[in-house]
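Student:
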Amino acid sequence: MVADKATASALSGDPRRPESVTPYKPPPPSEDKVDAYATVGMVLAMLGMLLKLRIFSFISIAFIASSFIQRNAETDVKQLIMVGMMAVAGLFFSHLQVLPSAPSATNTTGPAVASGAGSEGP
Numbered sequence: 016m017v018a019d020k021a022t023a024s025a026l027s028g029d030p031r032r033p034e035s036v037t038p039y040k041p042p043p044p045s046e047d048k049v050d051a052y053a054t055v056g057m058v059l060a061m062l063g064m065l066l067k068l069r070i071f072s073f074i075s076i077a078f079i080a081s082s083f084i085q086r087n088a089e090t091d092v093k094q095l096i097m098v099g100m101m102a103v104a105g106l107f108f109s110h111l112q113v114l115p116s117a118p119s120a121t122n123t124t125g126p127a128v129a130s131g132a133g134s135e136g137p
């Protein structure tokens, strides 16, 4: 009988009140979270630039993009741009190849002859 009452009351009408419904508003991002993302992005950008490992630079760009998207009026955009430039520089330096130097022209006599005991030839 109790189940029948619950079913009947549920089917009788909508128990929600449309005048008391408020739309969902996401909470604003906290400043600490944005600063933490920017700091982690800066550290990873420095690691990518100094160690020439691309993965650190790519992850840094992801953190910087996240920090840039979540910025608010007090966020320093210049700092985010500088950290982004460091991450791009890290990618550039990691892709930069060191070219081998040209052979020097001072040694034109041929291969060096080793001198020492046991290197006597015919």
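Residue numbering for the sequence shown follows this note's numbering, starting at 16 and increasing by one per position.
Glycine included, C-beta positions come from ideal geometry on N, C-alpha and C.
Write down every uninterrupted run of the alpha helix (DSSP H) in the segment 34 to 109 whose length is 4 residues or greater and which is fully enclosed by it, in chain order.
Tutor: 46 to 66, 69 to 84
Student: Could you tell me the distance, in whole angstroms, from the CA atom of Ala80 to the CA atom of Gln112?
Tutor: 27 Å
Student: If we count the other Cβ atoms within 10 Å of its Cβ and call it buried at 16 or more, is Phe71 buried or exposed?
Tutor: Burial call: buried.
Student: Buried or exposed for Met100, please, with buried defined as at least 16 other CB atoms from any protein chain shown within 10 angstroms of its CB.
Tutor: Per the 10 Å Cβ criterion, exposed.
Student: For Ala60, which of Pro118, Thr37, Leu114, Phe108 has the nearest alpha-carbon?
Tutor: Phe108
Student: Taking the alpha-carbon positions, what's the Asp91 to Glu34 distance?
Tutor: One Cα belongs to Asp91, the other to Glu34, and the distance between them is close to 41 Å.
Student: Whose CA, out of Tyr52, Leu114, Val36, lies closest to the CA of Ser75?
Tutor: Across the set Tyr52, Leu114, Val36, the C-alpha of Tyr52 shows the shortest separation from the C-alpha of Ser75.
Student: Using the rule of at least 16 other Cβ atoms within 10 Å of the residue's Cβ for burial, across every protein chain shown, is Ala88 buried or exposed?
Tutor: exposed
Student: Within a Cβ cutoff of 6 Å, which residues of the same chain sit near Phe83, ignoring the five residues on either side of it in sequence?
Tutor: Leu95
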